[in-house]
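Residue numbers (this note's numbering): 18 to 372. All remarks here apply to the structure that follows.
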Amino acid sequence: MSFQKPIYYPQSNSPERHDAPEAGTSSRAFVTPNSTSEPLPFFQFQPRKENVDWRWLGAIDVDQVVGAMDILTLQKNIMNITFCKLEDEKCPHCQSRVDPLLLKLTRLAQLTIEYLVHSQEFLVSQLNMAEERLRLSLGGCEHNKQLLTKQADEIRLLKQECRHRKKMLSAQQLMMGQAKASHYQCHFCDKAFMSQALLQSHIHHRHPADSCLRRSTKAQNDKLQKEIGMLKKQLEVTKAQLEATQHTHTVSVSVSEAWEALKTKEDFQKLVNRWEEEEKQKLTDEIGKNLNDPNFYDDDSSEHVPPEDNRQGLPVYGNEEILYFTPPGEGKQGLTTERSEERLNAVQQPSLCVE
């Protein structure tokens with residue numbers, strides 16, 4: 018019968034499942050199945066077929082084993098004790114069988130020892146695997162350390178080489194700059210000369226056609242540059258003239274607009290003055306007509322009686338409205354009406370004496 022779930026190695030395909038240990042068993046015999054992440058091996062109790070070696074068993078001194086902590090003796094006898102069969106054993110004196118309770122106790126002890134042996138073997142295998150993994154990890158760490166050391170040495174060598182090459186490049190650039198300043202390169206070939214005179218002589222003898230072509234090309238370029246300069250100057254002059262013309266046109270337009278506005282205002286002012294003169298003349302004629310009328314003072318209406326404080330003899334127009342023009346820029350433009358009293362106060366008229 019295999020171990021069930023509460024014990025150390027449960028079987029997932031076992032038909033019998035027990036969630037609690039049987040009564041009378043110790044809780045120390047149960048180990049949590051989640052204590053390891055490795056797959057649990059299959060475990061099954063082995064049958065007991067070996068006979069007990071009573072002679073060898075009688076030679077063992079238990080007190081001596083306990084006092085000396087003789088684990089080696091226990092290891093030698095563990096298989097004989099665990100897998101021996103006691104059901105058929107009889108007492109050599111009375112030939113009676115073993116007591117059933119004692120036999121049950123012995124069998125439970127054998128099963129416990131077998132389970133512990135299996136657990137020991139499993140733990141030893143796990144320990145060996147862990148040690149192997151640790152050894153591999155330590156070997157990998159050592160290899161990585163060596164690799165890091167090697168890479169650090171390579172980096173140091175590369176830095177030294179980079180500094181050396183940088184110095185070499187600086188020296189070469191300095192030498193090339195000095196060489197470039199100390200010689201004159203021919204533009205038509207790869208030759209270089211120590212002076213300008215030698216270069217000109219070389220070009221004259223070795224590259225006459227190229228030199229003539231270059232001179233003609235240079236002359237054409239100079240001519241084109243001069244023409245471009247002249248065109249730029251003409252463009253600037255034309256631009257200045259255009260700006261001046263635009264400014265003059267703007268000023269003339271502004272002056273003409275101002276002149277037109279002033280002329281319009283003067284014409285309107287003349288029209289207003291002429292209208293005022295006509296109004297004054299109409300008022301004067303009407304006043305004279307009323308003064309010459311004999312029935313003017315006989316009327317009982319208070320509207321035609323001259324006031325006592327009217328020293329000039331001017332008639333009073335109560336509600337008569339007078340039509341007049343309003344010049345532009347002074348409120349509403351056009352024809353408006355005003356009371357005669359307000360208009361008479363605004364318009365100055367010559368004094369007329371009543372005899």
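Quick reminder that beta carbons are idealized off the backbone N, C-alpha and C, glycines included. Keep in mind that this is a model prediction, so the values were computed, not measured.
Would residue i and residue j qualify as a contact pair, given that the criterion is a beta-carbon distance under 8 Å?
i           : j           : result
residue 95  : residue 134 : yes
residue 13  : residue 221 : Not covered by the structure: residue 13. The range shown for the chain is 18 to 372.
residue 181 : residue 205 : no
Following the continuous alpha helix (DSSP H) through residue i, name the residue where it begins and the one where it ends.
i           : result
residue 223 : 213-223
residue 69  : Counting along the chain, residue 69 falls outside any alpha helix (DSSP H), and DSSP gives it neither H nor E.
residue 81  : 79-85
residue 89  : 88-99
Thinking residue i and residue j are a contact (beta carbons under 8 Å), I'd like their distance in whole angstroms, please.
i           : j           : result
residue 201 : residue 216 : 4 Å
Should the stretch 106-124 be regarded as contacting the stretch 74-88, the criterion being three or more beta carbon pairs within less than 8 Å?
-> Of all C-beta pairs linking the stretch 106-124 to the stretch 74-88, fewer than three are shorter than 8 Å, placing the two stretches out of contact.
Per the contact definition of three or more C-beta pairs closer than 8 Å, is the stretch 126-142 in contact with the stretch 162-175?
-> Short answer: they don't touch.
Mind the definition here: the stretch 59-78 touches the stretch 94-101 only if three or more C-beta pairs lie below 8 Å; say whether that holds.
-> Verdict: yes, contact present.
Can you give, in chain order, each stretch of the alpha helix (DSSP H) that sits fully within the stretch 134-209 and has at least 4 residues?
-> None, since the stretch 134-209 contains no complete alpha helix (DSSP H) of that length.
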